[in-house]
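Inspection log for the structure reproduced underneath, given as structure tokens.
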Ligand code: SAH
Ligand code: DHB
Ligand code: MG
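Residue numbers (this note's numbering): 299 to 526.
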């Protein structure tokens, strides 16, 4: 579901608020030229991620699902000089584009792109003691979301923010009998989210240039890594 006016308003907002810049535009151009799907967050959503990261003073961030590094740039730009962001990506080709885009953005020092299935990278991060992360952005394969959320809980602390993209998916999230694994994945995630006593959470529907979708925001309110 898309509405021409949603896209026009997103374009207007991006312009009037001067949300984009040459580095972000180049990241999009490069990703598109490399044939990556154009499913990155919109500029106003990127800025929302950035503002949330800044608002909580995030110094150590984790992203699951890099694509060409567009949301990564928005998040990493919120880091203080000594801050770090690790982003997990399945596809080597996507990771390569992301590394180029992050280098152009001057963020190579602060961002590490790790290639492989997130469900292999996440236990490794835990072993390494890479957490606790102040912010986790989950935006990879949708059927995996509930598992990524469980890992995010293990890798965070009270005060951390966990953000999940693509929760509403054209409203299909309400189709309990859907045969779409992405829909079932998101429903499973939302049920876990609701049952999880260690977070307070909400989901917002969003329309715009990316169609009709939504974001989940979960604030970790109680100790996580000990018991999950
Ligand atoms: N966060 C990006 C968009 C990510 S698109 C942005 O907004 O700019 C989803 C990405 O997740 C794709 O690049 C896809 O290759 C990756 N992905 C899919 N399955 C994955 C998995 N199992 N582990 C890690 N990444 C995965
Ligand atoms: C898809 C993935 C995303 O992260 C997104 O924002 C939109 C679409 C997808 O896999 O189709
Ligand atoms: Mg997404």
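Note that the Cβ used here is the ideal one computed from N, Cα and C, for glycine as well.
All figures in this text were calculated on a predicted structure; none of them were measured in a lab.
Each residue's CA atom was taken as its position, placing residue 459 and residue 357 some 12 angstroms apart. Shortest Cα-Cα distance from residue 306 to any of 514, 506 and 521 involves 506. Unbroken alpha helix (DSSP H) stretches of 4 residues or longer found wholly inside the stretch 434-490: 443-452, given in chain order. Between residue 343 and residue 492, the alpha-carbon positions lie close to 24 angstroms from each other. For residue 479, the closest of 515, 511, 397 and 439 by C-alpha to C-alpha distance is 439. Of 495, 430, 331 and 341, the smallest CA-CA separation from residue 314 is found for 341. Relative to ligand 3, the beta carbon of residue 466 is positioned no closer than 7 angstroms to any heavy atom.
A direct Cα-to-Cα measurement between residue 513 and residue 487 gives close to 12 angstroms. Boundaries of the beta strand (DSSP E) around residue 386: 382-387.
By the Cβ rule, the stretch 459-477 does not count as touching the stretch 404-414, because fewer than three pairs are nearer than 8 angstroms.
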